[in-house]
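Counting from 297, one number per residue, gives the positions in the sequence shown under our numbering. Heads up, the beta-carbon is just placed ideally off N, CA and C, and yes, glycines get one too.
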Amino acid sequence: MVRYARNTIREFRSVKHIKSPTELLQMCELSLEKMGAVFDDANVYMLHMMYQAMGVCIYMQDWEGAVSYGEKILKPYSQIYPPYSLNVSSMYLKLGRIYMGLEKYSMGLHALKKAMAIMEVAHGEDHHYLTELRKEMAQQK
297 MVRYARNTIR EFRSVKHIKS PTELLQMCEL SLEKMGAVFD DANVYMLHMM YQAMGVCIYM
357 QDWEGAVSYG EKILKPYSQI YPPYSLNVSS MYLKLGRIYM GLEKYSMGLH ALKKAMAIME
417 VAHGEDHHYL TELRKEMAQQ K
């Protein structure tokens, strides 16, 4: 199954600029189904394909699909990466913005605050990313 996962990831990378978003999402879903029979959702190959599927959903403006994948990714990311990892922050940021777009404001603000807390440690409180995020959050209130 590891060989299948590696080959699928390699194939996805080689065709992501050729195939349609629908075909790419189908490719992700098929590989997740096959790998899911053997691997846990926290497996690195599963996480990679879920992340790709989330990206395709965002591109297709399938916000519910993106949230579904993002929520599955977040817990393992929080366990795999260090406490102040920008990978975790980035996931909170994406989910927060999607929640806001779906008018799930309390969930959105909660996710954006978690992203901000990580970014304050990683970048420093005065970083321009944080200034922009604070402005974005203030507009949503």
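Can you name, in chain order, every residue of its own chain whose Cβ lies under 7 Å from the Cβ of residue 387, other than the five neighbours on each side? These residues qualify, in order along the chain: 366, 369, 370 and 373.
So, with DSSP's three-state summary, where would you put residue 334? Assigned with DSSP and collapsed to three states, residue 334 falls in coil, not helix or strand.
Contained beta strand (DSSP E) runs [length at least 3] in the stretch 396–428, N- to C-terminal order: Counting only runs of 3 or more, we get nothing.
Is DSSP giving residue 355 helix, strand or coil here? In the three-state scheme derived from DSSP, where H, G and I count as helix and E and B as strand, residue 355 is classed as helix.
Under a Cβ-count criterion, where at least 16 other Cβ atoms within 10 Å of its own Cβ denotes burial, should residue 309 be classed as buried or exposed? With fewer than 16 other Cβ atoms within 10 Å, it is exposed.
Just the C-alpha distance for residue 358 and residue 424, rounded to the nearest angstrom, thanks. The alpha-carbon atoms of residue 358 and residue 424 are separated by roughly 29 Å.
Tell me whether residue 315 sits in a helix, a strand or coil according to DSSP, three-state version. Coil at residue 315, not helix or strand.
Would residue 326 be called buried (16 or more neighbouring beta carbons within 10 Å of its own) or exposed? It is exposed - the Cβ of residue 326 has fewer than 16 other Cβ atoms within 10 Å.
Tell me whether residue 339 sits in a helix, a strand or coil according to DSSP, three-state version. DSSP places residue 339 in coil when its eight states are reduced to three.
Counting only the same chain and skipping the five closest in sequence on each side, list residues whose C-beta sits under 8 Å from that of residue 332. Result list for residue 332: 342, in chain order.
Closer than 7 Å by C-beta to residue 355: which residues in its own chain qualify, once you throw out the five before and the five after it? Chain order, please. Cβ neighbours of residue 355 beyond the five flanking positions: 317.
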